[in-house]
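A short worksheet on the structure shown next.
2 protein chains.
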Amino acid sequence: MSRILIAEDEQRIASFVEKGLRANGFVTTVVGDGDAALAHVVAGGFDLVVLDLGLPRRDGFAVLQAMRQARVNTPVIILTARGSVNDTVAGLEGGADDYMTKPFRFEELLARVRLRLRPADRTPEVTVLRNGPVSLDLRTRRAETPEGMVDLTAREFALLELFLRHPGQVLSREQILSHVWGYDFDPGSNVVDVYVRTLRRKIGQDHIVTVRGMGYRLG
Amino acid sequence: MSRILIAEDEQRIASFVEKGLRANGFVTTVVGDGDAALAHVVAGGFDLVVLDLGLPRRDGFAVLQAMRQARVNTPVIILTARGSVNDTVAGLEGGADDYMTKPFRFEELLARVRLRLRPADRTPEVTVLRNGPVSLDLRTRRAETPEGMVDLTAREFALLELFLRHPGQVLSREQILSHVWGYDFDPGSNVVDVYVRTLRRKIGQDHIVTVRGMGYRLG
DNA sequence: GCCGAAGATGAGGAAATCTTCATCGACGGC
DNA sequence: GCCGTCGATGAAGATTTCCTCATCTTCGGC
Numbered sequence: 001m002s003r004i005l006i007a008e009d010e011q012r013i014a015s016f017v018e019k020g021l022r023a024n025g026f027v028t029t030v031v032g033d034g035d036a037a038l039a040h041v042v043a044g045g046f047d048l049v050v051l052d053l054g055l056p057r058r059d060g061f062a063v064l065q066a067m068r069q070a071r072v073n074t075p076v077i078i079l080t081a082r083g084s085v086n087d088t089v090a091g092l093e094g095g096a097d098d099y100m101t102k103p104f105r106f107e108e109l110l111a112r113v114r115l116r117l118r119p120a121d122r123t124p125e126v127t128v129l130r131n132g133p134v135s136l137d138l139r140t141r142r143a144e145t146p147e148g149m150v151d152l153t154a155r156e157f158a159l160l161e162l163f164l165r166h167p168g169q170v171l172s173r174e175q176i177l178s179h180v181w182g183y184d185f186d187p188g189s190n191v192v193d194v195y196v197r198t199l200r201r202k203i204g205q206d207h208i209v210t211v212r213g214m215g216y217r218l219g
Numbered sequence: 001m002s003r004i005l006i007a008e009d010e011q012r013i014a015s016f017v018e019k020g021l022r023a024n025g026f027v028t029t030v031v032g033d034g035d036a037a038l039a040h041v042v043a044g045g046f047d048l049v050v051l052d053l054g055l056p057r058r059d060g061f062a063v064l065q066a067m068r069q070a071r072v073n074t075p076v077i078i079l080t081a082r083g084s085v086n087d088t089v090a091g092l093e094g095g096a097d098d099y100m101t102k103p104f105r106f107e108e109l110l111a112r113v114r115l116r117l118r119p120a121d122r123t124p125e126v127t128v129l130r131n132g133p134v135s136l137d138l139r140t141r142r143a144e145t146p147e148g149m150v151d152l153t154a155r156e157f158a159l160l161e162l163f164l165r166h167p168g169q170v171l172s173r174e175q176i177l178s179h180v181w182g183y184d185f186d187p188g189s190n191v192v193d194v195y196v197r198t199l200r201r202k203i204g205q206d207h208i209v210t211v212r213g214m215g216y217r218l219g
């Protein structure tokens with residue numbers, strides 16, 4: 001699978017991103033400052049870089065600039081603090097391929113990573129996820145089950161997508177929280193329970209199974 | 001282009017659907033009762049049927065059943081009144097491929113028509129619409145312009161999609177209203193104006209041009 | 001330049017979605 | 001079977017999106 005360099009100094013976020021990407025089959029390397037990031041990128045071997053703008057020693061802009069000057073065309077996804085729109089624009093003009101404002105949901109980052117890697121690995125884009133009787137059209141955001149077709153809200157959609165991308169696997173509330181809601185969401189909340197319920201109401205009770213003490217599982 | 005049979009007795013809706021489909025390059029035929037619908041379908045020559053359930057002389061169910069018994073496999077999209085969920089389920093089990101509850105927005109119907117015709121014409125699915133500097137990813141619902149990338153709300157997305165599917169063409173407020181909001185929306189409203197404004201705010205002022213006395217145009 | 005009509009804009013209220021909270025019920029260990 | 005913990009559920013409150021309305025600005029004919 002593809003190799004991804006994560007350049008991020010905040011420990012919490014770095015590990016959030018790393019765990020998530022590894023769980024999805026990517027090979028990851030984490031570096032905590034700009035110099036290291038640049039060295040790794042130029043040395044080669046990475047298919048994509050997740051680059052925080054606020055790195056110590058040499059900030060993200062400088063890394064990006066040096067990279068492009070060295071004619072390294074590895075796709076770059078920038079991480080930036082919310083509100084710093086100017087950063088964003090400058091980043092994109094400076095040669096980044098995409099950006100994410102913090103805090104972000106892991107699934108969003110994942111979607112962008114997949115998007116940027118696809119041209120390279122020539123895999124056609126998946127537009128419908130399916131698992132047994134449940135299917136989800138990613139374009140129209142509609143789910144289809146034996147009970148009929150239903151339109152989903154944004155959260156319901158994100159949750160069902162997560163389940164469909166990990167069929168049969170038990171997902172803990174924490175995993176679901178970080179993937180669908182984001183890494184800085186209150187872990188004491190029971191939003192996941194509530195949304196599992198609304199999903200079950202819409203697509204039918206039987207598809208999402210409760211695994212007591214562990215979490216939920218699809219199929 | 002593909003030929004579509006519209007079986008609908010309400011004049012207003014029939015013409016709404018017919019105009020819209022023609023404007024998008026489809027060849028249409030309208031019939032107002034179930035007998036005529038069945039006769040046309042069995043005679044052949046249609047690639048898809050838009051079928052109202054509440055037809056006179058022979059209702060939609062009967063038409064669908066007779067069609068399938070006659071081994072006609074033309075895809076069928078059912079139109080049904082909101083709330084009659086049982087109808088919907090029964091319809092799908094009876095061999096329909098998709099359904100729409102009235103009132104519906106034209107763009108939604110169009111999306112489903114395209115979806116059902118695609119397998120036949122082998123055209124790969126479009127996931128990114130582009131026009132000059134403006135592009136829209138239909139999967140992530142994100143727009144990209146020289147000013148950066150922006151996330152769109154549902155309405156903003158539907159509006160921009162409409163513009164991108166008809167680049168350079170002047171769209172009247174009425175057209176936009178019926179396509180994005182639905183055929184029974186108050187024509188005296190200025191929602192279109194308001195949403196054009198929010199879109200301009202997000203993607204930049206210059207892309208959507210006002211054509212005084214006529215409507216708006218992209219590019 | 002003046003006037004009327006068309007479009008732009010800001011703000012407020014309505015509706016839908018999302019999140020939290022309190023309570024109820026079910027399961028498993030003992 | 002009893003109790004404690006975990007999950008299910010309903011409903012209220014917060015937030016976001018959507019739509020309407022009143023006002024302001026711009027355009028084009030005269």
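Top line first, the protein sequences correspond to chains S and Z. Throughout the first sequence, residue numbering follows the numbering used here, covering 1 to 219 in sequence. Throughout the second sequence, residue numbering follows the numbering used here, covering 1 to 219 in sequence. Every residue gets a Cβ at the ideal spot worked out from N, C-alpha and C, and that includes glycine. Bear in mind the structure is a predicted one, so any value in this text is a computation, not a measurement.
Would you say residue i and residue j are within 8 Å of each other, going by their C-beta atoms?
i	j	result
ALA96 (chain Z)	VAL76 (chain Z)	yes
PHE46 (chain S)	THR74 (chain S)	yes
SER2 (chain Z)	LEU48 (chain Z)	yes
VAL170 (chain S)	GLY213 (chain S)	no
LEU138 (chain S)	VAL128 (chain S)	yes
LEU177 (chain Z)	PRO167 (chain Z)	no
GLY204 (chain Z)	GLU161 (chain Z)	no
LEU218 (chain Z)	LEU164 (chain Z)	yes
ASP33 (chain S)	ARG57 (chain S)	yes
LEU159 (chain Z)	LEU199 (chain Z)	yes
ARG142 (chain Z)	VAL150 (chain Z)	yes
VAL41 (chain S)	VAL17 (chain S)	no
GLY238 (chain S)	PHE104 (chain S)	No information on residue 238 (chain S) is available, as it lies outside the stretch 1 to 219 that chain S covers here.
LYS202 (chain Z)	GLU156 (chain Z)	yes
Take the Cβ of residue i as the centre, count every other Cβ of all protein chains shown within 10 Å, and call the residue buried at 16 or more, exposed below.
i	result
THR210 (chain S)	exposed
VAL192 (chain S)	buried
ALA43 (chain S)	exposed
ASP87 (chain Z)	Its pLDDT being 49, under 50, ASP87 (chain Z) is placed unreliably in this model, and the coordinates cannot settle the point.
LEU109 (chain S)	buried
ALA7 (chain S)	buried
VAL194 (chain S)	exposed
VAL85 (chain Z)	Confidence at VAL85 (chain Z) is low in this model, with a pLDDT of 49, below 50, so the placement of that residue is unreliable and no value is reported for it.
VAL27 (chain Z)	exposed
VAL126 (chain Z)	exposed
GLU174 (chain Z)	exposed
GLY20 (chain S)	buried
ASP52 (chain S)	buried
ALA70 (chain Z)	exposed
ALA154 (chain S)	exposed
PRO184 (chain S)	Checking the sequence, you will find Asp at residue 184 (chain S) rather than Pro. So ASP184 (chain S) counts as exposed.
ALA39 (chain S)	exposed
GLY132 (chain S)	exposed
Counting contacts by CB-CB distance shorter than 8 Å, is residue i in contact with chain Z?
i	result
ALA81 (chain S)	no
ALA70 (chain S)	no
ALA111 (chain S)	yes
Return no unless some Cβ of chain S is closer than 8 Å to the Cβ of residue i.
i	result
LEU138 (chain Z)	yes
MET100 (chain Z)	no
ASP87 (chain Z)	Confidence at ASP87 (chain Z) is low in this model, with a pLDDT of 49, below 50, so the placement of that residue should be treated as unreliable; the coordinate-derived value is given next. Output row for ASP87 (chain Z): interface = no.
MET67 (chain Z)	no
MET220 (chain Z)	The requested residue 220 (chain Z) does not occur in the structure, where chain Z is confined to residues 1 to 219.
ILE4 (chain Z)	no
Give me the Cβ distance between residue i and residue j, rounded to the nearest whole Å; I'm assuming they're in contact under 8 Å.
i	j	result
HIS179 (chain S)	VAL134 (chain S)	With a Cβ gap of about 18 Å, HIS179 (chain S) and VAL134 (chain S) do not count as contacting.
VAL113 (chain S)	ILE4 (chain S)	7 Å
Could you check where the alpha helix (DSSP H) with residue i kicks off and where it finishes?
i	result
SER15 (chain Z)	11–23
ARG139 (chain S)	Premise fails: ARG139 (chain S) is in no alpha helix (DSSP H) and is neither H nor E.
VAL63 (chain Z)	60–69
THR198 (chain S)	191–203
ARG173 (chain S)	173–176
LEU162 (chain Z)	154–165
Check whether the Cβ of residue i sits closer than 7 Å to any heavy atom of the ligand PLP, and report yes or no.
i	result
GLN175 (chain S)	With respect to the ligand PLP, the structure shown offers nothing to examine, as it has no ligands at all.
May I ask which residues mark the beginning and end of the beta strand (DSSP E) holding residue i?
i	result
GLY148 (chain S)	148–151
ASP222 (chain S)	There is simply no residue 222 (chain S) to check, as chain S begins at 1 and stops at 219 in what is shown.
ASP98 (chain S)	98–102
ARG130 (chain Z)	128–131
GLY34 (chain Z)	That residue, GLY34 (chain Z), is in no beta strand (DSSP E); its alpha helix (DSSP H) goes 34–43.
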